[in-house]
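Sequential numbering of the sequence shown, starting at 6, is according to this note's numbering.
Written below as structure tokens is the structure these notes are about.
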Amino acid sequence: MYKLDPNAAVKADTIGAYLNETGKYIGKFTRAEKLVSTNKGTDGIGFTFKADDGRECRFDIWTRKGNGETLTGLNQVNAIMACLKVREVTIITQPVRRWENNQEVIVDGQVFPELQNKPIGLLLRSEEYEKMQDGQLTGQTGWRMGLFAIFQADTEMMASEVLGKKTKPEQLAKVIGMLADKPLKQRRHPASSNNGGGNNGGSQPPESIQFDDDIPF
């Protein structure tokens with residue numbers, strides 16, 4: 006009646022497990038939730054990524070400051086859209102799973118359905134961060150997963166190759182060569198704590214991607 010499937014047996018060990026290793030993954034976003042930071046009104050998207058092996062991780066991408074200034078996270082969102090062949094997104098309200106007060110809760114949230122439940126490839130890296138409590142640094146550090154690069158799940162082409170109508174992937178192997186854990190370079194003093202809008206919150210202008218009739222999807 007039953008015959009051992011080694012792959013299925015291994016998956017049983019990873020159900021509900023947290024993804025915490027730097028590497029290359031294929032999976033889907035089960036959550037792409039609109040975020041607005043409380044203190045500064047920074048816009049972003051909160052993602053929950055579920056790999057094909059059943060492991061999950063969460064990360065946020067911050068895209069635009071409250072004053073309208075764009076952040077480098079906008080590049081990543083555009084790359085996700087290109088790799089998913091999505092020209093624009095809409096917002097709907099649906100139940101989402103969040104981690105609040107050391108427990109998972111289900112609440113209504115605003116999400117971008119076009120970014121959810123579609124195969125996508127990610128390069129993820131373990132990043133050291135400074136822990137905070139009540140808006141202040143605690144002096145302790147931890148590790149969490151951060152987004153390093155995005156590629157199509159089926160072709161392994163990156164956004165520039167998708168938009169450039171390339172026929173084979175060439176960039177991903179080069180980027181994988183740069184993938185590594187990211188330890189903190191310098192710790193801040195607890196007294197200098199501030200909310201800067203997330204770990205993707207640089208202020209460099211994003212690369213321009215023109216969504217016009219030349220897009221191959």
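The beta-carbon is built from N, C-alpha and C at its ideal position, and this holds for glycine as well.
DSSP on V110, reduced to helix/strand/coil?
Taking the first residue of the sequence shown as position 1, residue 110 is located at position 105. Taken through DSSP and simplified to helix, strand or coil, V110 comes out as strand.
Do the CB positions of R36 and Q108 come within less than 8 Å of each other?
If you number the sequence shown from 1, residue 36 lands on position 31. If you number the sequence shown from 1, residue 108 lands on position 103. No, these two residues do not count as a Cβ contact at 8 Å.
Chain B contact for G169 (CB, 8 Å cutoff):
Absent here is chain B; the protein component of the structure consists of one chain.
Taking the DSSP output, what are the residues bridged to Y30?
As a working mapping, residue 30 is identified with position 25 in the sequence shown. Its beta-bridge partners are L127.
Going by DSSP in three states, Q99 sits in which element: helix, strand or coil?
Sequence index remark: in the sequence shown, residue 99 carries index 94 (1-based). DSSP places Q99 in the strand class (E or B) of the three-state scheme.
Would you mind reading off the limits of the beta strand (DSSP E) that contains M150?
Locating residue 150 in the sequence shown gives position 145, where the first residue counts as 1. Start and end: Q141 to F156.
Whole-angstrom Cβ separation of G49 and T68, contact assumed at under 8 Å?
Indexing the sequence shown from 1 puts residue 49 at position 44. Indexing the sequence shown from 1 puts residue 68 at position 63. Their Cβ separation, rounded to whole angstroms, is 6 Å, which keeps G49 and T68 in contact under 8 Å.
Check I220 in the structure and name its three-state DSSP category.
As a first step, residue 220 is located in the sequence shown; it is residue number 215 there, counting from the start. Secondary structure of I220 (DSSP, three-state): coil.
Less than 8 Å between C-beta atoms, sequence neighbours within five positions excluded: which residues of the same chain meet that for P210?
Position 205 of the sequence shown, counting from 1, holds the residue named residue 210. No answer about P210 holds up, because its pLDDT of 38 lies below 50 and its placement is not dependable.
In this structure, does DSSP put E161 in helix, strand or coil?
Within the sequence shown, the letter at position 156 stands for residue 161. Coil.
Tell me, to the nearest whole angstrom, how far the beta carbon of I96 is from that of F64; I am working on the premise that it is less than 8 Å.
Translated into positions along the sequence shown, residue 96 becomes position 91. Translated into positions along the sequence shown, residue 64 becomes position 59. For a cut-off of 8 Å, the C-beta gap from I96 to F64 is around 20 Å, too long to register as a contact.
If we ignore side chains and look at the alpha-carbon of each, how far apart do N104 and A84 end up?
As a first step, residue 104 is located in the sequence shown; it is residue number 99 there, counting from the start. As a first step, residue 84 is located in the sequence shown; it is residue number 79 there, counting from the start. At residue 104 the sequence reads Trp, which differs from the Asn that was named. Cα to Cα, W104 sits roughly 26 Å from A84.
Quick test of your reading: G28 and K55, contact by CB under 8 Å. State the CB separation rounded to the nearest angstrom.
In the sequence shown, counting from the first residue as 1, residue 28 sits at position 23. In the sequence shown, counting from the first residue as 1, residue 55 sits at position 50. Going by Cβ atoms, the distance from G28 to K55 rounds to 15 Å, so no, they are not a contact pair.
Excluding the 5 residues flanking P221 on each side, which residues of the same chain have their C-beta closer than 8 Å to its C-beta?
Position 216 of the sequence shown, counted from the first residue, corresponds to residue 221. Take P221, set aside five residues on each side of it, and the residues of its chain with a beta-carbon closer than 8 Å to its own are V167, L168 and K170, in chain order.
Rounded to the nearest angstrom, how far is the Cβ of E61 from that of L24, given a contact under 8 Å?
For the purposes of this step, residue 61 is taken as the residue at position 56 of the sequence shown. For the purposes of this step, residue 24 is taken as the residue at position 19 of the sequence shown. Distance from E61 to L24 at the Cβ level is roughly 6 Å; contact confirmed, criterion being Cβ atoms closer than 8 Å.
Quick one: what's R60 bridged to in DSSP?
For the purposes of this step, residue 60 is identified with residue 55 of the sequence shown, where counting begins at 1. According to DSSP, R60 shares a beta bridge with no other residue.
Simplified DSSP state of G49, which is helix, strand or coil:
As a position in the sequence shown, residue 49 is number 44, starting the count at 1. Three-state result, G49: strand.
Apart from the five residues on each side of it in sequence, which residues of its chain come closer than 7 Å, Cβ to Cβ, to R193?
In the sequence shown, the residue the question calls residue 193 occupies position 188. The answer, listed in chain order, is E135 and L142.
Confirm the yes/no value for this check: CB of L79, any heavy atom of the ligand GTP, distance under 7 Å.
Absence of the ligand GTP from the depicted structure is noted, as is the absence of any ligand whatsoever, leaving it without description.
Might you give, ordered along the chain, the residues of its own chain that have their beta carbon closer than 8 Å to the beta carbon of T98, omitting 5 neighbours on each side?
Looking up residue 98 in the sequence shown gives position 93. Setting aside the 5 residues that flank it on each side, T98 is surrounded in the same chain by D113, G114, Q115 and V116, each with a C-beta closer than 8 Å to its C-beta; the list follows chain order.
Can you list, in chain order, the residues of its chain whose CB lies under 7 Å from that of N12, leaving out five sequence neighbours each side?
Position 7 of the sequence shown holds residue 12. Excluding positions up to five away in sequence, the list is empty.
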